[in-house]
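Using my numbering, the first residue of the sequence shown is number 1409, and each one after it goes up by one.
Ideal placement from N, C-alpha and C gives every residue a C-beta, glycine not left out.
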Amino acid sequence: MMRLRPWRAVLSVCCAVLVMSGAAACGDAAEAGKDEPGARPAAGPLTETLDADGTTIHVGRELAAGTMHVYEDPRCPVCKEFEDSGGARVLRENTENGFVRTDYTLASFLDDGLGGGGSKRAVNALRAALEEGHFAAYHDVLYAHQPEESVDGFTTERLLALASKVKGLRGPAFDKAVRTMRYADFAAASEAAYERDGIQGTPSFFLDDTLIASGTNDMVTTETGMTLTLVTRGQEQLKQS
């Protein structure tokens, strides 16, 4: 089977990390957020594409050994906890190395539960960043500077200001797309995909089409947790080879 062998590299890298080295999911009910300063370093160069169905963004190599599908809402504080964690860093490193591809489906249900339109505006801006080839870097910046969940802080001007932190992102096309909500249809389609897939809260994680976590926990959020998740999956793949 052509996609199995790269998992041997995943096992080697992840086991090296192990040697060196519950929060509830966001749902329709609001949960107080935390705005922790700082995040992991900006992402390196990655291939970023839109899925053929128009609802999901692929980051990484199309022929990666495995796929981690992440469902997030930009206003979700539990998503921020994951993005700020060692688990997210391990996932990004394995994405950059081509061991796993990370897919993002961006929900916006918190706008309905909390009021406002910050999630939709952020999803629209992230889609605009994809057009410029800077989705991953901008995604990291938004979570590093996520406003408190109850505050509709992802305003148009705030999204543009944060985009200035990503070299090469700001420009007439991007700014216009953010100001005019050019990708509002994408935001709506992504939310519809989240609902259609039966996801109960964010963040949720599917590894190779298997649900591994809904809401963050040590299984995926910590450096060791994400490493063990990838190692376990790699072992399963090798048994099938």
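- M1589 sits in coil when the DSSP states are folded into three classes, being neither helix nor strand.
- By the Cβ rule, the stretch 1525 to 1538 does not count as touching the stretch 1605 to 1625, because fewer than three pairs are nearer than 8 Å.
- As computed with DSSP, L1514 is found in a beta bridge with E1480.
- In chain order, S1612 and F1613 place their CB closer than 8 Å to the CB of L1619, counting only its own chain and leaving out the 5 sequence neighbours on each side.
- When C-alpha distances from P1485 are compared across E1501, P1555, H1477 and R1509, the shortest belongs to P1555.
- Looking at the backbone, the Cα of T1564 and that of V1498 are separated by about 31 Å.
- The Cβ neighbour count for L1471, taken over all protein chains shown within 10 Å, is under 16; the residue is labelled exposed.
- When the five nearest sequence neighbours on each side are left out, the beta carbons in the same chain lying within less than 8 Å of the beta carbon of V1586 are those of R1529, N1532, A1533, A1536, T1564, L1567, L1568 and A1571, in order along the chain.
- Annotation: S1493 to T1463 spans about 26 Å, alpha carbon to alpha carbon.
- Taking a contact as a CB-CB distance under 8 Å, the pair H1477 and T1513 counts as one, their CB atoms being some 7 Å apart.
- The beta-carbon distance between T1629 and E1504, rounded to whole angstroms, is 19 Å. This is too long to meet the 8 Å contact definition.
- Here T1475 is bridged, per DSSP, to R1509.
- In its chain, beyond the 5 residues on either side, L1568 have a beta carbon closer than 7 Å to the beta carbon of D1583.
- Residue G1468 holds the alpha-carbon nearest to the alpha-carbon of F1543 among G1468, M1634 and G1633.
- Cα atoms of A1597 and E1631: separation of roughly 32 Å, rounded to the nearest angstrom.
- For A1621, the secondary structure class from DSSP, reduced to helix, strand or coil, is strand.
- Looking at the backbone, the Cα of L1518 and that of A1600 are separated by about 13 Å.
- Going by C-alpha positions, R1590 is about 23 Å away from R1604.
- The beta carbon of E1491 sits closer than 6 Å to the beta carbons of Y1551 from its chain, once the five residues preceding and following it are set aside; these are given in chain order.
- According to DSSP, residue pairing for T1463 in a beta bridge does not occur.
- Straight through space, the alpha carbons of D1481 and R1500 are spaced by roughly 18 Å.
- Following the DSSP letters along the chain, one finds L1454 in no alpha helix (DSSP H), marked with neither H nor E.
- Distances from the CA of L1638 to each of Y1479, G1521, G1495 and H1547 were compared; the closest alpha carbon is that of G1495.
- Pairing D1560 with G1521 gives a Cβ-Cβ distance that is not under 8 Å.
- In summary, G1523 is exposed, with fewer than 16 beta-carbon neighbours lying within 10 Å of its beta-carbon over all protein chains present.
- A straight line joining the alpha-carbon of P1580 with that of L1538 spans about 15 Å.
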